[in-house]
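Residue numbers (my numbering), protein chains in the order written: chain A, 1 to 111; chain B, 1 to 110.
Beta carbons: idealized from backbone N, C-alpha and C, even for Gly.
This one's a predicted model, so the numbers in the text were calculated from it and none came from an experiment.
One structure is given here, and the rest of the page talks about it.
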């Protein structure tokens, strides 16, 4: 079946890099996503990567995809207090299917 | 674009009452999704539509829940009768190439 797994919590010191990891099961996934949810808000699309890419960089964000291991990671450089949120990994098995979300990783920033 | 619009943003009601949540998707998006989020269960997909047609409603918890999409710019999620365990945040999302979420409706059933 389809499943997306990610750790529930991560604590990082302000200024350090945060790396949030995710594994997925469906090798036919065409798109993989990272969403951010701040307290009391909806899910905000942070970035996404096509399955034929290995890496995507967007300012402080770096997404790495290891398709062989079905592993996706999100690296946030120079973590700030404003990065404190829940980060959801998600996959889209194919264009017409629903997105499968992980349970989210709560990123806590230490001073 | 204003993004996905949901109303109301907050709803407090008593057990047994009917609740109607509304969603206006992003113009041009052909998919619309309804999700529910709770601390215990996380994010759950309830139902989704493609070109106004329900595709998968297997996530709808019970017959008390129903959803409609009468046209491309409007959808409703109705709970009748509501129960305290329905208390959650309900998100609507729409997608073309990528999925965008609305701000959610926070529902509290007393």
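Quick one: which chain A residues come within Cβ less than 7 Å of residue i?
i	result
residue 38 (chain B)	The premise fails here: residue 38 (chain B) is roughly 12 Å from chain A at the closest Cβ pair, so nothing lies under 7 Å.
Rounded to the nearest angstrom, what separates residue i and residue j at their Cα positions?
i	j	result
residue 28 (chain A)	residue 20 (chain A)	22 Å
residue 12 (chain A)	residue 52 (chain A)	30 Å
residue 103 (chain A)	residue 52 (chain B)	28 Å
residue 15 (chain A)	residue 46 (chain A)	20 Å
residue 7 (chain B)	residue 66 (chain A)	40 Å
residue 4 (chain B)	residue 26 (chain B)	5 Å
residue 8 (chain A)	residue 32 (chain A)	19 Å
residue 112 (chain A)	residue 29 (chain B)	Summary: the structure shown does not reach residue 112 (chain A), with chain A confined to residues 1 through 111, and so no result is reported for it.
residue 61 (chain B)	residue 46 (chain B)	7 Å
residue 80 (chain B)	residue 17 (chain B)	7 Å
Give the interface partners of residue i over in chain B, defined as CB-CB distance under 9 Å, in chain order.
i	result
residue 103 (chain A)	42 and 43
May I ask which residues mark the beginning and end of the beta strand (DSSP E) holding residue i?
i	result
residue 114 (chain B)	Because chain B in this structure spans residues 1 to 110, residue 114 (chain B) falls outside the shown range and cannot be described.
residue 106 (chain A)	105-110
residue 62 (chain A)	61-66
residue 54 (chain B)	53-56
residue 4 (chain B)	First-last for residue 4 (chain B): undefined, no H or E at that position.
residue 74 (chain A)	71-76
residue 21 (chain A)	18-24
residue 71 (chain B)	65-71
residue 6 (chain A)	4-6
residue 86 (chain A)	85-92
Name, please, each residue of chain B whose Cβ falls closer than 8 Å to the Cβ of residue i.
i	result
residue 56 (chain A)	None at all; the shortest Cβ gap to chain B is about 13 Å.
Find the residues of chain A that neighbour residue i, judging by a C-beta separation of less than 8 Å, and give them in chain order.
i	result
residue 133 (chain B)	An answer regarding residue 133 (chain B) cannot be provided, because it is not within the stretch 1 to 110 covered by chain B.
residue 56 (chain B)	98
Checking the sheet assignment: what are the DSSP bridge partners for residue i?
i	result
residue 45 (chain A)	A:35
residue 44 (chain B)	B:36
residue 86 (chain B)	The partner list for residue 86 (chain B) (beta bridge, DSSP) is empty, contrary to what the question assumes.
residue 14 (chain B)	Per DSSP, none; premise fails for residue 14 (chain B).
residue 58 (chain A)	A:61
residue 108 (chain B)	B:12
residue 75 (chain B)	B:23
residue 50 (chain B)	B:31 and B:53
Subject >> Members of the stretch 76-106 of chain B that neighbour chain A once the beta carbon cut-off is set at 7 Å >> reply: 91, 98, 99, 100, 101, 102, 103 and 104
Subject >> Near-chain B residues of the stretch 40-74 of chain A - C-beta to any C-beta below 9 Å >> reply: 40, 41, 42, 43, 44, 45 and 48
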